[in-house]
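Everything on this sheet refers to the single structure shown next.
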Amino acid sequence: MTNSTKKYDGLSPIMSLIYSLRIFLFALVLLEIDLSHSFNVKIQDMLTDDEYLKIFHTDRSEVPDHEFIRVNSSPVVQLRERLSSQNRILSFTAFGRRYDLQLQLRDNVLIGKNTPIWHADIDPENSSRIIYTQLPNVLDDISGIYQDLDNMVSLLESSSNVSDDVFYDGIISSDVAISPLPQRLIGIISNISDDNAMIKDHVVYKIKFENLTSDAHYSASEIERKYDSHSIRQHPLDTFYPEVLVVIDASMYKHFGKKPHFALNYLVPFWNAVDLRYKLLNSPEVKLNIAGVILSQDEKALAFLHSNMDENGRIHAKKALLDAGHFYYSDTSLVSRDVVVIMTKHDICSVKYANYCKSSAIGKAFTGKACSKKKNTAILEDNGGYGGIITATHEIGHLLGLPHDGEDEAAECSIQDGYIMASAKYRSVNSLCWSSCSKKILERFSSLTASNCLENKPKNLGDSIKQTLPGRVLTLEEQCLARGGKPCVFNATVCWKLYCTKSMLNKKCIGKAPAAEGTTCGDGLYCRNGDCIADA
């Protein structure tokens, strides 16, 4: 008998029991960790290639950092009948962070069921001719586009065919995205374990940002600015309605497996996230509209790109933009639009001198040319994982007359502050916001005739949906219940921070997000934009 066994045998019965329990509990912890790891691996192994593409918007060669979570938790399910059809509250933990999202159904200016979606193909009988085939019912599966303005959240909602659950696809923060697991997989997992904590229905993953190096910048010298600043409107515009024709090249469409539903499930929350950045502006307001989407089936279907591509597959950006402008100006078969934005996975470059094209930009546009007939174009690189949202916002900004911070009329705003109109290499915590210079210049642009085309509100999309404030639907008690606890206070302070107990049993009060807009904060008083005010 070894010495260690003798020592163990010499313990009192109580100490022996404690020692045995410690070993047992330690073994359970190890087993739980191993099971959790095996469970996650099992989910990944059960995904088909199409399912993997739909979730991560990439193939298996690029696996983003990710976690599996459950969104359709029991508190949300219990409260769903009290939620208006226009609002949602989602609470979950991912990457060590607690998310308490207050989602509102956005208006239908961005996109509607009637928004045209086309396939673009080369005419087999005439290689110089493009055939556009409008795709029916591509947007029918979308229940709604939801957003949380405070947290810049942009989500598509779809409904389950086999349960009351709903599923979300889109962006939950500047660097994290979410996608639903396949419904067939959720059913299988439900049968594996009765433990609700083990039943996952969504995946969250880190967004990969490309080319954020010192040579990934936008050069002001590469952007033309030739609008007549002396052409003044009689009255400045209060609201811009840029109608955007989104063109997806073959490299991008191939990334989505050439499946229109996969592409639109990505593009709608992508462009809604861009639109959210513009909702931060109020003089004028800017409301983006997707006039249509072109999905290119073949590289040669977009001759303005293919003819300006070098042997390394890089696109000569300025030449491509000029050719695209002429092409879409001549093509009258498509919908009316103000600007054309081309999205590609190809590297774009700028010609510095003969036979040398420098890959130093991830986007390019003509400044102030949103209403130009032939220069209302922009091009941007996107990795298919929401990495190009800020780039798209930046390029639309150029078309709306905004130069880079630190240059031209924006010289007084430092580029190093990293606002939206700064170069990509200076991105920072300010990269979701507009500098004071951008706001001033946009206001000036609204008084110029160069903005005339932005006045028209998109047609055939119906009236805007009236928003029901979520605080009018859920009480404080119900909002805290969705977080797993009970409210700690009932006064005006809830409008900027709602304190709830950590759980129904743990009385520790934790303050995170503010109470939902419209929550009662006193007799006849309601929360609006962080203030407790009288009902209007």
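Take the sequence shown: its position 41, counted from the start at 1, is 41 in the UniProt record's numbering, and no numbers get skipped. Built from N, CA and C at the ideal position, the CB exists for glycine as well.
Check                                                                                                                 : Outcome
Sheet register partners of A177 (DSSP bridge)                                                                         : I171 and Y205
R528 - containing beta strand (DSSP E), residue span                                                                  : L525 to R528
Buried/exposed call for P136, threshold 16 Cβ in 10 Å                                                                 : exposed
Segment contact, 8 angstroms Cβ cut-off, at least three pairs: the stretch 125 to 140 with the stretch 165 to 179     : no
Residues that DSSP places opposite K287 in a beta bridge                                                              : DSSP lists no partner for K287.
Separation of I390 from L432, as counted between CA atoms                                                             : 8 angstroms
Residue burial classification, V429 (beta-carbon count within 10 angstroms, cutoff 16)                                : exposed
Residues near D405 in its chain [Cβ-Cβ closer than 8 angstroms; skip 5 each side]                                     : C413, S414, I415, D417, Y419, M421, A422, S435, C437 and S438
Buried or exposed (CB count within 10 angstroms, at least 16 for buried), Y356                                        : exposed
S464, DSSP secondary structure in three states                                                                        : In this prediction, S464 has a pLDDT of 35, which is less than 50 and means its spatial position is unreliable; what the coordinates show is noted afterwards. Coil, per DSSP.
Cβ-based burial, V335 [other Cβ within 10 Å; buried from 16]                                                          : exposed
Given N456 as reference, the closest of F240, H346, I362 and S307 once Cα atoms are compared                          : F240
Beta-bridge pairing of N87 - partner residues as DSSP gives them                                                      : Q104
Cβ-based burial, T377 [other Cβ within 10 Å; buried from 16]                                                          : buried
When K345, D201 and I290 are compared against residue 541, the one with the closest alpha-carbon                      : Summary: the structure shown does not reach residue 541, with the chain confined to residues 1 through 536, and so no result is reported for it.
4-residue-minimum alpha helix (DSSP H) runs that sit fully inside the stretch 274 to 355, ordered along the chain     : 303 to 306 and 317 to 330
Best match in G144, N272 and R314 for proximity to G388 [C-alpha to C-alpha]                                          : N272
When L276, V247, E478 and H235 are compared against L110, the one with the closest alpha-carbon                       : L276
CB contact flag (F366, L402, <9 angstroms)                                                                            : no
Beta-carbon spacing of S173, F167 below 9 angstroms                                                                   : no
Contact check, A250 vs S296, beta carbons under 9 angstroms                                                           : yes
Validate contact between the stretch 46 to 63 and the stretch 251 to 260 using beta carbons, cut 8 angstroms, 3 pairs : yes
7 angstroms CB neighbourhood of D175 in its chain, flanking five on each side removed                                 : K206 and I207
Presumed contact (8 angstroms Cβ cut-off) between E395 and V341, rounded CB distance                                  : 7 angstroms
First through last residue of the alpha helix (DSSP H) which encompasses C437                                         : S436 to F445
Alpha-carbon to alpha-carbon, G485 and C349                                                                           : 54 angstroms
Host alpha helix (DSSP H) of F56 (start-end)                                                                          : D49 to F56
Boundaries of the beta strand (DSSP E) in which A534 is found, first to last residue                                  : D531 to A534
Environment of G397 [buried if 16+ CB atoms lie within 10 Å]                                                          : buried
Helix, strand or coil at T115 [DSSP, three-state]                                                                     : coil
Burial state of R337, where buried means 16 or more other Cβ atoms lie within 10 Å                                    : buried
Rounded separation between L321 and V246 - CA only                                                                    : 14 angstroms
Given T58 as reference, the closest of N506, G384 and F270 once Cα atoms are compared                                 : G384
Rounded C-alpha distance that separates C527 from N289                                                                : 30 angstroms
Closest by C-alpha distance to D331, when choosing among Y132, I69 and L90                                            : Y132
Buried/exposed call for R129, threshold 16 Cβ in 10 Å                                                                 : exposed
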